[in-house]
Amino acid sequence: MREEYRDKQVYFVGGGIASLAGASYLVRDCDFPGQNIHIIEEMKILGGSNDGAGDEENGYVIRGGRMLNDETYENTWELLTSIPSIDRPGLSVRDEILAFDMANPTHSNARLVNSRGEVEDVLSMGFDMADRLTLGKLIITPEEKLGKARINDLFGPHFFTTNFWFMWATTFAFQPWHSAVEFKRYMVRFIHEFPRIQTLEGVTRTPYNQYDSIILPMHKYLEGFGVDFTLKCTVTDLEFKDGDGITVTRMNVLRQGVADVIDVKEGDLVIITNGSMTEGSSLGSMTEAPSLNGKGSSWKLWENIAAKKPGLGNPSSFADHVDGSKWESFTVTFKDSKFFDLMEKFTRNRAGTGALVTFKESSWLMSVVLAFQPHFRNQPEHVRVFWGYGLFPDKVGDFVKKRMCDCTGEEIMEELIGHLHFEAHREEIMATANCIPCMMPYITSQFMPRLHSDRPQVVPEGSTNLAFIGQYCEIADDVVFTEEYSVRAARIAVYTLLGINRPIEPITQYQYDVRSLFSSFITSFR
31 MREEYRDKQV YFVGGGIASL AGASYLVRDC DFPGQNIHII EEMKILGGSN DGAGDEENGY
91 VIRGGRMLND ETYENTWELL TSIPSIDRPG LSVRDEILAF DMANPTHSNA RLVNSRGEVE
151 DVLSMGFDMA DRLTLGKLII TPEEKLGKAR INDLFGPHFF TTNFWFMWAT TFAFQPWHSA
211 VEFKRYMVRF IHEFPRIQTL EGVTRTPYNQ YDSIILPMHK YLEGFGVDFT LKCTVTDLEF
271 KDGDGITVTR MNVLRQGVAD VIDVKEGDLV IITNGSMTEG SSLGSMTEAP SLNGKGSSWK
331 LWENIAAKKP GLGNPSSFAD HVDGSKWESF TVTFKDSKFF DLMEKFTRNR AGTGALVTFK
391 ESSWLMSVVL AFQPHFRNQP EHVRVFWGYG LFPDKVGDFV KKRMCDCTGE EIMEELIGHL
451 HFEAHREEIM ATANCIPCMM PYITSQFMPR LHSDRPQVVP EGSTNLAFIG QYCEIADDVV
511 FTEEYSVRAA RIAVYTLLGI NRPIEPITQY QYDVRSLFSS FITSFR
């Protein structure tokens, strides 16, 4: 421990991967005392949006699954090199993930399925010349000129009927009304993935769900340094020093419902995950539909502090457009392998080697994916678990004549069986199915059209002890809705606030790689 840090405290608000990464950088790179690091989390468990829990009887739930990419995610891989595996002594989490991925490489054979239940040939992107020209123009247009433009402000109706759009939109959860700037960033950041979007070979998967494979090892790593985890505690507001600068002096909290304060002394740091893509999530069951919830503590905290000081962003651009940011996922638990056997035959992919199977003509734009089994540490050998989602939860189904958001888990399974044309096996499939739907009102809120100033800088101008991490701070050129964005933000925050002169892994500039550009150009004419 460095003597200068003996009396310093660092408070992380939120217990997701950004805070865990920030704490890891503190102990690893700054020799900061673990007992002086405090991670404050409202829930009873860490992980934030990297969740995964359940059991055979009650069913498993993953609200979403984050995909990794072995050629980008520069800071994520660098950090995971330092986190020991909890299953394989001597290996890091990165070693473990890459070994698993090499043994189970992704290569989708059934990316899009039509209404007849046939796998589509998706080698062609389906572009016309107008689509190609608009894509090229988008990539070279500066962000400041795009402003709050939406994707469908730039592209005509044909673009949204192409194979490319169905694959890209469901891989990354883009909607036509989302930000053109975010779409541009994705196109640039993942230009090397464009030629293989139909197989998703660039996806790197974890051995289990992200909670079991990433969050749990990070938690155990930090426990070894004595990091303090304060659970069931909600930060409701921050108080600032009078004057022009940004200096936090006090945190108002609720400890299991009881009001309290944390005094922030001179030299202490406050690092906030502002906003949450999974806040307000609601679970349904086989017999009940999920509800649509509103704002919770993370959005309200951001609203409170943004109203007090300039330069802390504009949460309204992200949190006040639920109709444009919500969609619904579902996790299905089976006590036998019948559905998996049928899907593996249909897709010609062993579970864990395929990718999203999207029913391109479904009203809900439904997709499902079968992970390698077991997908949870406590999952019995005979149990199977898969995940799916629908991008249009307010649309009426094709087989169940109800809006997805009004459907029970049983009705979602009925719709899925209809799209797969598995009616002959309906009774066997449903015999042990436990489908738990999950409504997420803010899941793509980070994609909503915005101004550059709507997201605060990681360390705002004039800040002496406050930083923002997670998905709603501004990092030039990087893409939200990724693990890397949270990890990169955490590294920037820690190094900047503590004045650490260490390099941060740069963003790989594939858009300047001649081979990537040529391959992408050829792909656009396939």
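Heads up, the sequence shown is in the working numbering, so the first residue is 31 and it goes up one at a time.
Every residue, glycine too, gets a C-beta built ideally from N, C-alpha and C.
These numbers were taken from a predicted model, which means no experiment stands behind them.
- request: Assess, as a yes-or-no matter, whether the region 254 to 272 is touched by the region 226 to 239 under the definition of 3 or more beta carbon pairs within less than 8 Å.
  value: Judged by pairs of C-beta atoms under 8 Å, the region 226 to 239 does not touch the region 254 to 272, as fewer than three such pairs exist.
query: Who are the Cβ neighbours of Gly5 in its own chain at under 8 Å, not counting the five residues just before and after it?
result: Because the chain is modelled from 31 through 556, residue 5 falls outside the range shown and cannot be assessed.
message: Given the structure, does Thr264 come close to the ligand MG, in the sense that its CB is under 6 Å from one of the ligand's heavy atoms?
response: Of the ligands one can find in the structure shown there are none, so the ligand MG has no counterpart to examine.
Which of helix, strand or coil DSSP assigns to Cys435: Cys435 carries a helical assignment under DSSP once its states are collapsed to helix, strand and coil.
- prompt: Is it right to say Gln65 is buried, meaning 16 or more other beta carbons lie within 10 angstroms of its own, or is it exposed?
  reply: By the Cβ-count criterion, Gln65 is exposed, with fewer than 16 other Cβ atoms from all chains shown falling within 10 Å of its own Cβ.
- request: In the DSSP assignment, find the alpha helix (DSSP H) that holds His249 and state where it starts and stops.
  value: Counting along the chain, the alpha helix (DSSP H) containing His249 begins and ends at Leu246 to Glu253.
Cβ neighbours of Gly384 in the same chain (closer than 6 Å, five flanking residues each side left out): Once the five neighbours on either side are set aside, the close Cβ partners of Gly384 are Ser138 and Thr377.
query: Between Ile92 and Gly82, what straight-line distance do the alpha-carbon atoms span, to the nearest angstrom?
result: Approximately 5 Å between the Cα atoms of the pair.
message: Just to confirm, is the Cβ distance from Thr303 to Ile70 under 7 Å?
response: Not closer than 7 Å, so no.
Asp298 classed as buried or exposed, judged by whether at least 16 other C-beta atoms fall within 10 angstroms: With 16 or more other Cβ atoms within 10 Å, it is buried.
- prompt: According to DSSP, which residues form a beta bridge with Glu318?
  reply: Its beta-bridge partners do not exist; DSSP assigns none.
- prompt: Quick one: Cα of Phe369 to Cα of Met434, how far?
  reply: If you take the alpha carbons of Phe369 and Met434, they lie about 21 Å apart.
For Tyr55 and Gly186, the rounded distance between their alpha carbons: Going from the Cα of Gly186 to the Cα of Tyr55 covers about 45 Å.
query: Going straight from the alpha carbon of Pro486 to that of Met159, what length do you get?
result: Cα-Cα distance, rounded: 38 Å.
message: Can you tell me where the alpha helix (DSSP H) holding Asn464 begins and where it ends?
response: Per DSSP, Asn464 is not a residue of any alpha helix (DSSP H); the beta strand (DSSP E) it occupies stretches across Asn464 to Met470.
task: Tell me whether Gln476 is buried or exposed, calling it buried when 16 or more other Cβ atoms sit within 10 Å of its Cβ.
output: Per the 10 Å Cβ criterion, buried.
- request: Leaving out five residues on either side along the sequence, give the residues of the same chain with a beta carbon under 6 Å from the beta carbon of Val57.
  value: Excluding residues within five positions, the ones whose Cβ falls inside 6 Å are Gly64 and Phe255.
field: One or two residues paired with Glu269 in a DSSP bridge
entry: Arg280.
message: On the DSSP letters alone, give me the boundaries of the alpha helix (DSSP H) that Phe548 sits inside.
response: Taken as a continuous stretch (DSSP letters only), the alpha helix (DSSP H) holding Phe548 covers Val544 to Ser554.
message: Using only the alpha-carbon positions, how far apart do Phe190 and Phe196 sit?
response: In a straight line, the C-alpha of Phe190 is about 7 Å away from that of Phe196.
Three-state secondary structure (DSSP) of Glu358: DSSP places Glu358 in strand when its eight states are reduced to three.
message: Applying the 10 Å Cβ sphere with the 16-neighbour rule, what's the burial state of Phe548?
response: That one is exposed.
query: In three-state terms, what does DSSP make of Thr106?
result: Under the three-state reduction of DSSP, Thr106 is assigned to helix.
- request: Have a look at Gly45, Leu176 and Asp61 and flag the residue whose alpha-carbon is nearest the alpha-carbon of Glu34.
  value: Of the candidates Gly45, Leu176 and Asp61, the residue whose Cα lies closest to the Cα of Glu34 is Asp61.
query: Where do the N-terminal and C-terminal ends of the alpha helix (DSSP H) with Asp183 fall, by residue?
result: For Asp183, the enclosing alpha helix (DSSP H) has its first and last residue at Ile181 to Leu184.
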